[in-house]
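Numbering (UniProt numbering), first residue to last: 1 to 178. Ideal Cβ positions, reconstructed from N, Cα and C, are used throughout, including at glycine. Given the structure is predicted, the values throughout are model-derived calculations rather than measurements.
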């Protein structure tokens with residue numbers, strides 16, 4: 001009886017291992033999303049600028065005892081326009097939503113809110129420093145913050161109905177149970 005060389009089994013084994021790795025990568029919740037190093041940590045307390053005519057964002061609100069969202073947005077961001085009605089609905093349901101307007105013209109930001117409505121309890125502006133401190137790499141990005149000011153979840157991309165049901169609601173429940 002002829003003996004089979006172990007080298008014959010090696011290529012199929014390597015192929016199977018690589019196929020498994022690729023499948024695991026593709027089946028993640030969002031394969032394009034980078035994990036946040038801030039989950040479970042206190043939210044950065046970087047001061048923001050203010051948008052004329054709007055309630056300014058005060059970082060002390062992050063630890064006010066209430067679960068809240070912090071949403072980074074811009075008037076030039078098409079996905080921000082898509083998520084806006086969902087943020088408005090969440091705010092109408094009583095969830096405090098704080099906005100941080102990212103690298104935007106104040107007049108265009110005000111026009112965006114005048115057109116679509118203002119779901120934000122308060123708004124800050126950012127030239128890039130606040131986003132860096134929060135680990136934001138694009139807008140929109142939304143963070144669930146518990147009542148003690150700790151980040152529970154980070155969602156890159158628009159807040160869609162699917163994201164609300166699949167990620168946001170479980171994160172809000174987790175934040176409320178702390």
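**Message:** Alpha carbons only, please: which of 47, 69, 171 and 82 is nearest the one belonging to residue 132?
**Reply:** It is 47 whose Cα lies nearest to the Cα of residue 132.
**Message:** Quick test of your reading: residue 147 and residue 65, contact by CB under 8 Å. State the CB separation rounded to the nearest angstrom.
**Reply:** With 8 Å as the limit, residue 147 and residue 65 qualify as a contact, their Cβ atoms being about 4 Å apart.
**Request:** Please state if the CB of residue 54 and the CB of residue 123 are separated by a distance shorter than 7 Å.
**Result:** The Cβ atoms of residue 123 and residue 54 lie closer than 7 Å to each other.
**Under 7 Å between C-beta atoms of residue 102 and residue 118** = Not closer than 7 Å, so no.
**Request:** Identify, in the order they occur along the chain, each residue of the same chain with its Cβ nearer than 8 Å to the Cβ of residue 52, setting aside the five sequence neighbours on each side.
**Result:** Take residue 52, set aside five residues on each side of it, and the residues of its chain with a beta-carbon closer than 8 Å to its own are 106 and 110, in chain order.
**Message:** Cutting at 6 Å between CB atoms, please list the residues of its own chain near residue 50, excluding the five before and the five after it.
**Reply:** Only 56 meet the Cβ criterion.
**Prompt:** Between the C-alpha atoms of residue 165 and residue 5, what's the straight-line distance to the nearest angstrom?
**Reply:** Cα to Cα, the separation comes out at about 53 Å.
**Item:** For residue 150 and residue 43, believed in contact at Cβ under 8 Å, the rounded distance
**Value:** About 7 Å separates the beta carbons of residue 43 and residue 150, which is inside the 8 Å limit, making them a contact pair.
**Item:** Start-to-end residues for the beta strand (DSSP E) that takes in residue 73
**Value:** Unbroken beta strand (DSSP E) run through residue 73: 68–73.
**Asked** residue 136 and residue 72: beta carbons closer than 7 Å?
**Response** Taking C-beta atoms as the reference points, residue 136 and residue 72 count as a pair closer than 7 Å.
**Message:** Quick test of your reading: residue 70 and residue 145, contact by CB under 8 Å. State the CB separation rounded to the nearest angstrom.
**Reply:** About 6 Å separates the two Cβ atoms, so the contact holds.
**Request:** With DSSP as the reference, label residue 115 as helix, strand or coil.
**Result:** Residue state, collapsed to three classes: helix.
**Request:** Check whether the Cβ atoms of residue 96 and residue 114 lie closer than 7 Å to each other.
**Result:** Not a contact, by the Cβ cut-off of 7 Å.
**Message:** Pop quiz: residue 130 and residue 80 are said to be a contact at Cβ under 8 Å. What is the actual Cβ separation, rounded to whole angstroms?
**Reply:** Residue 80 and residue 130 do not touch by the CB rule: their CB atoms are close to 16 Å apart, not below 8 Å.
**Message:** Per DSSP, what are the beta-bridge partners of residue 126 in this structure?
**Reply:** Its beta-bridge partners are 102.
**Request:** Leaving aside the five residues before and after residue 87 along the sequence, list all residues of the same chain whose C-beta is less than 7 Å from its C-beta, in chain order.
**Result:** Excluding sequence positions up to five before and after residue 87, its CB lies within less than 7 Å of the CB of 71, 97, 119 and 159, all in the same chain and listed in chain order.
**Request:** Given a cut-off of 7 Å, decide if residue 74 and residue 93 are closer than it, judged by their beta-carbon atoms.
**Result:** Contact flag unset, no.
**Helix, strand or coil at residue 39 according to DSSP, with G and I counted as helix** = Of the three classes helix, strand and coil, the one that applies to residue 39 here is coil, per DSSP.
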